[in-house]
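Chains as they are written, first to last, in the numbering used here: chain S, 194 to 508; chain F, 1044 to 1711. A short worksheet on the structure shown next.
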Amino acid sequence: MSDPPVIQTRGLTRYFGAKPAVYELDLAVPRGSVFAFLGRNGSGKTTTIRMLLGLLEPTRGSGAVLGYDLCALPPEARARIGYLTEDHQLYGWMSVRQSCEFQSQFYPRWNGRVLNGIIDHFALKPEARVKDLSRGERAGLCLAQTLAPGPELLILDDPALGLDPVARRSLLESMLYLTRRSARTIFFSSHNLADVERVADYIAVLDRGVLCACCTLEMFRNSVRQVRLRFAGAPPPLPKVPGLLQAFRYEHELRLILVRLNGEVEQALRALGPLEMEPLPLPLEDAFLSYLGEHGERSFILDEADRDAGEVLKE
Amino acid sequence: MKALIQKELRELVKAAVLGLVILALFLLQDYHAYARAMRELALGGAGAGAYSPLAEGGLLKETFYFCAILGAVLGWLQIHNERRGDLWSFLVHRPVTRTQIFLAKIAAGAGLYVLAAGAPLAAFILWGIIPGHIAAPFEWAMLLPILARFLVGLVYYFAAMLVGLRQARWYASRGLPLPTAILVCAATNLPSFPWMFTAILAGIVVLGLAAWGSFHTNGFYQGQPGASKPALALALAVGAMVVAVAACVLAVQFVGPGDNDSSTSYYDIRKDGTIYRVTHSRFRPAQIVDLDGNPLKDAKTGEPVTPQEWYRLHARAFNMDVYIPEPARARPAHAPAPWFRCWQATPGTLWYFWPRYARLVAFDTSSRRPIGSLGPDGFSSGLSERGARFDYPPGDVPWASPTLRAGASVYQVQIEKRAATLLFTTDAGDPIGASLDIVPDYDWKYTALATRKFVYLVSSDGKLVWKSPYQPAYPDYDEIRVCLLDPPDQYALWLSASRRFELQSGRKEPPQVTWLSGARSIKSMQLPVLPGNPPGLDPTGKAALLLVPPGLAAMMPYIMDDPALTHERLWPYMVLAALLCVPVGWWLGRRYRFDSRSQVGWAVFLLLFGVPGLLALLSVQEWPAREPCPNCQRPRVVTRARCEHCGAAFQPRAPHGIEIFEPMSAPR
């Protein structure tokens, strides 16, 4: 019998005024997974995380985190959940040492070795004031304090936000090193698709508050595909293609990015009479961008004036 | 918990220390002012140091404003510090209960408040109560007003905390706890200590509970613990009442009907005994007419007499209010009365009338200690509550005057000789209810006395000038005016109805005048009632009163110790206003699908709190959005899983064909 999900929601919904920020969210996060929660700005990621942590009451729906009702998380549940806030919030007036001491007093199973390991990794000086730390250093300190209690579940709200590549890499490495070994569950939101590709097992994509994808990274990679159709002349008008994310129209070709390139879709595309139809590799980042970006058709055909001027782009 | 308290202390300590320094400077200034006054007294100044810094209005004002501001600042900072950024999430995710976090905040915030405001006050009080520092009477009860003002800070502390916490739907309604605190703290002016402390402690409990509940739910109303919901509603209803009444009064002032014809009239008497009616209008010169309506004209010029000329012509008048304690109307002994009154300063000695002993008490200005007291039985060294007492109930302290009364007798007080000599005794031991020394041009000539049966006028050598019956006017006519006419043995005695009597009768009562010549009454008459508003509230006051919760209005006569505040005639309107609010609240509850317990609870609340209760309901609830049900097309609230009309569940959004879902399992 498989473990029950660490996070499970049923119809979780949150309105702000008349606008739904999160709508009918059904989510299940498997134990031991690294689960990336994706979406554009304002898609409802932070709202969802705040509801999961009982910081925001859902308008309707229900959910459980580590088996506890998310509307009434008891202290023992909070002790098992590590939470890294957006912008790595800590008390700025505290020194690194004071901040760690403050945090450690709430957790009986505080692991000083883990804390010191990460603090050393980020080369943090114990007497430095938190408000004087760089973004990367503060992120490291936050991560150290989040991991030192040994949480079963880590909820990270865009942990790499605003970090330079070196700091981001350090953060990810620390996170992975310490969590993979102990089979912890990580649920994190991010805008950085390279990070997601590097660490995530599962992804969930939120679009304007509605969940539109929830699968393994592998399945996502296999589902979103790119195909090129070559034509003798100008490509014909594109009919309604199921699962079409984006279409790029050139002088003699069409490039399509689709979800689920199955037999039915292939048949519809062949009906356009292409000289050649070939699948193209699609980097995961581009697949994400197509999935999360504006859907529809774009034209890249140069007219005479543009050609003379060497200009290339016309939408 | 300990870590949280330490953190809070560290965050607030700067504000608290700043507050402590400011209050200490204020109190230091008070100390220096008193020391300077005492030095001036020693150099022959006229009683400049004859006061107690502990009972001084200045100290109470300083304490009140300082405590209110410090409490509000500390409460606000404790929430505001973590509302910036997302430190709030960081804080409340600690593995402790919200109540523990809240209590840690209170322990630190209230503790620092007590230290910052309490330490300087305690030091100042300690200095004041040690004998030899203040040459003035001291009673422990004198500290109660200071304590009340000190507690005011906690009311503001919780109010500011609540303002910081609330996620208000209407932005302005977030500030409603502050008017609540202002009203609660107005209780420091209530006429009795029990009500004063009851109101302040109730304010602390209600605002504290409301803050605790809001802390639990990150400032939202939904999901609050049971006890904090009514507390929050009550706190907001009281604040809404204050704002609504203030808005009503301002609206009437600025956009209400003009007050162009407003005028005030009163009766006055000329030295020859003729009564005139004087009318002052805003846009017309004052009019002085006799009882037939004929203007008073200058005998030489024939022109109407101006108010300046009238001031020269009118008779000198002396007023006193009769107050004879009866069991039913006795002033409560626990009232925040004037504790004492400075009587006179003689070389090296300060004299006070001290109601506790009902005697004149002398303090030595050098040692600043009591040296004795003067009563009807003369001067005695030391203080004893068993000594003969003058007749002044607590709260009715006489001003320095040539005489003091005791029972049916009046005594002439001679401070320099440290003696009190019997001046006059009423007939058959009739107790004196009021006395007034008539001192025209700094020359004591007469003393007027009132008993239940007679009004007496006694000369300064103790001879009876006249006595006039006071029945049946007593006790409804409690304002006595004695006018000295020309020639010198002519007098007029006016009796005016008490406010209480006029409120009870619902109309203005005519004044009664008796003319006396020597010991003989010449004439008596009732003057016509002057035009003007009937006694009681003006239209603005009535309109404002309709915004007062009926529950609070019912308690006002007891709180204010004034039975006249019953407003019987306005009760139907107040109850009607509340009754109209109930169906509005009921309809809102139905529209937004309150559960039956909330529905009934709000109905009772609206019945008790009327219009302010409705405003509280509107501002406290997070009204959910309503959207058309895809099944029945009727608007349904989004908080319920199923449509309240047809029972249909909410459906996920229609798929776009790009959805990718996979059953979840543990990672490989």
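Even for Gly, the Cβ is constructed at its ideal location relative to N, Cα and C.
Around the Cβ of residue i, are there at least 16 other Cβ atoms within 10 angstroms (buried) or fewer (exposed)?
i, result
"F/Gln-1514", "exposed"
"S/His-445", "exposed"
"F/Thr-1446", "buried"
"F/Trp-1442", "exposed"
"F/His-1176", "buried"
"F/Thr-1494", "buried"
"F/Arg-1267", "The residue asked about is misnamed: residue 1267 of chain F is Gln in this sequence, not Arg. Classification of F/Gln-1267: buried, given that the 10 Å Cβ count is 16 or more."
"S/Arg-207", "buried"
"F/Asp-1504", "exposed"
"F/Phe-1396", "buried"
"S/Ser-327", "exposed"
"F/Ala-1373", "With a pLDDT of 40 at F/Ala-1373, under the threshold of 50, the modelled position of that residue is not reliable, and the figure given next carries that caveat. Looking at its Cβ environment, which holds fewer than 16 other Cβ atoms inside 10 Å, F/Ala-1373 is exposed."
"F/Ala-1692", "exposed"
Between the alpha carbons of residue i and residue j, how many angstroms are there, rounded?
i, j, result
"F/Ala-1471", "F/Ser-1416", "29 Å"
"S/Glu-411", "S/Tyr-300", "37 Å"
"S/Gly-204", "F/Thr-1241", "48 Å"
"S/Gln-460", "S/Gly-466", "10 Å"
"S/Val-417", "S/Trp-303", "43 Å"
"F/Leu-1536", "F/Asp-1364", "13 Å"
"F/Gln-1694", "F/Leu-1589", "48 Å"
"F/Ala-1371", "F/Ile-1523", "Low per-residue confidence applies at F/Ala-1371: pLDDT is 38, beneath 50, and the placement is therefore not dependable enough to give any value."
"S/Gly-285", "S/Glu-330", "13 Å"
"F/Phe-1433", "F/Val-1453", "9 Å"
"F/Ala-1697", "S/Leu-473", "30 Å"
"F/Val-1463", "F/Ala-1491", "Looking at the sequence shown, residue 1463 of chain F is not Val but Ala. Between F/Ala-1463 and F/Ala-1491, the C-alpha separation is close to 18 Å."
"F/Ala-1376", "F/Pro-1338", "Because the pLDDT of F/Ala-1376 is 44, which lies under 50, any placement of that residue in the model is unreliable, and the number read from its coordinates should be weighed accordingly. The alpha-carbon atoms of F/Ala-1376 and F/Pro-1338 are separated by roughly 50 Å."
"F/Asp-1333", "F/Ile-1565", "20 Å"
"F/Ala-1477", "F/Ile-1065", "46 Å"
"F/Gln-1642", "F/Trp-1629", "7 Å"
"F/Gly-1656", "F/Val-1618", "13 Å"
"F/Arg-1126", "F/Val-1663", "20 Å"
Taking residue i as the reference, which of the options has the closest Cα?
i, options, result
"S/Cys-408", "S/Gln-419, S/Cys-335, S/Ala-360 and S/Ala-393", "S/Ala-393"
"F/Ile-1318", "F/Trp-1119, F/Gly-1421, F/His-1357 and F/Val-1195", "F/His-1357"
"S/Leu-454", "S/His-445, S/Pro-430, S/Val-420 and S/Asp-479", "S/Val-420"
"S/Gly-210", "F/Leu-1103, F/Ala-1211, F/Leu-1052 and F/Glu-1182", "F/Ala-1211"
"F/Arg-1543", "F/Arg-1563, F/Pro-1531, F/Leu-1527 and F/Tyr-1520", "F/Tyr-1520"
"F/Gln-1457", "F/Ala-1451, F/Leu-1466 and F/Leu-1063", "F/Leu-1466"
"F/Phe-1167", "F/Thr-1142, F/Pro-1096, F/Ala-1289 and F/Phe-1145", "F/Pro-1096"
"F/Arg-1192", "F/Thr-1106, F/Leu-1252, F/Ala-1147 and F/Ile-1144", "F/Thr-1106"
"F/Tyr-1043", "F/Ala-1449, F/Gln-1072 and F/Thr-1392", "The structure shown does not extend to residue 1043 of chain F, since chain F is modelled only from 1044 to 1711, so the question has no answer here."
"F/Ile-1475", "F/Val-1627, F/Leu-1500 and F/Leu-1573", "F/Leu-1500"
"F/Ala-1115", "F/Gly-1196, F/Val-1556, F/Leu-1250 and F/His-1323", "F/Gly-1196"
"S/Asp-479", "S/Glu-471, S/Gly-456 and S/Val-389", "S/Val-389"
"S/Met-287", "S/Gly-426, S/Leu-437 and S/Leu-334", "S/Leu-334"
"S/Thr-278", "S/Ser-383, S/Leu-462, S/Arg-414 and S/Leu-438", "S/Ser-383"
"F/Ser-1539", "F/Gly-1628, F/Ala-1646, F/Asn-1362 and F/Arg-1461", "F/Asn-1362"
"F/Lys-1488", "F/Trp-1255, F/Val-1525, F/Ala-1254 and F/Thr-1469", "F/Val-1525"
"S/Phe-228", "S/Ser-483, S/Tyr-395 and S/Leu-386", "S/Tyr-395"
"F/Gly-1316", "F/His-1699, F/Val-1135, F/Trp-1558 and F/Lys-1460", "F/Trp-1558"
"F/Phe-1263", "S/Ala-321, S/Leu-356, S/Gly-247 and S/Val-434", "S/Gly-247"
"S/Gly-402", "S/Arg-290, S/Phe-230, S/Leu-422 and S/Leu-451", "S/Phe-230"
Pull up the DSSP beta-bridge partners for residue i, would you.
i, result
"F/Met-1568", "F/Val-1556"
"F/His-1323", "F/Thr-1307"
"S/Ala-406", "S/Val-398 and F/Ile-1703"
"S/Leu-346", "S/Ile-274 and S/Thr-378"
"F/Tyr-1534", "F/Leu-1527 and F/Leu-1559"
Give the interface partners of residue i over in chain B, defined as CB-CB distance under 8 Å, in chain order.
i, result
"F/Gly-1266", "Among the protein chains of the structure shown, namely S and F, there is no chain B."
Give a yes or no on contact between the segment 1266-1279 of chain F and the segment 1220-1227 of chain F, applying the rule of three or more CB pairs nearer than 8 Å.
At 8 Å Cβ cutoff, the stretches touch.
Stretch pair the segment 307-317 of chain S + the segment 348-359 of chain S: three plus CB contacts closer than 8 Å:
They do not touch, by the three-pair rule.
Would you call the segment 290-297 of chain S in contact with the segment 247-258 of chain S, where contact means no fewer than 3 C-beta pairs closer than 8 Å?
Not touching, per the Cβ criterion.
Taking 8 Å as the threshold, find out whether the segment 214-221 of chain S comes into contact with the segment 272-279 of chain S through three or more Cβ pairs.
Below 8 Å, too few C-beta pairs join the segment 214-221 of chain S and the segment 272-279 of chain S to call them touching: fewer than three.
Segment contact, 8 Å Cβ cut-off, at least three pairs: the segment 1111-1131 of chain F with the segment 1198-1208 of chain F
Note that the segment 1111-1131 of chain F touches the segment 1198-1208 of chain F; at least 3 beta-carbon pairs, one per stretch, sit closer than 8 Å.
Count the CB pairs spanning the segment 1616-1636 of chain F and the segment 1650-1660 of chain F that are closer than 8 Å, and state whether there are at least three.
Yes: the two stretches touch, three or more of their Cβ pairs being nearer than 8 Å.
Is the number of C-beta pairs between the segment 1075-1089 of chain F and the segment 1151-1164 of chain F that are closer than 8 Å three or more?
Touching, no, given that fewer than three Cβ pairs across the two stretches are closer than 8 Å.
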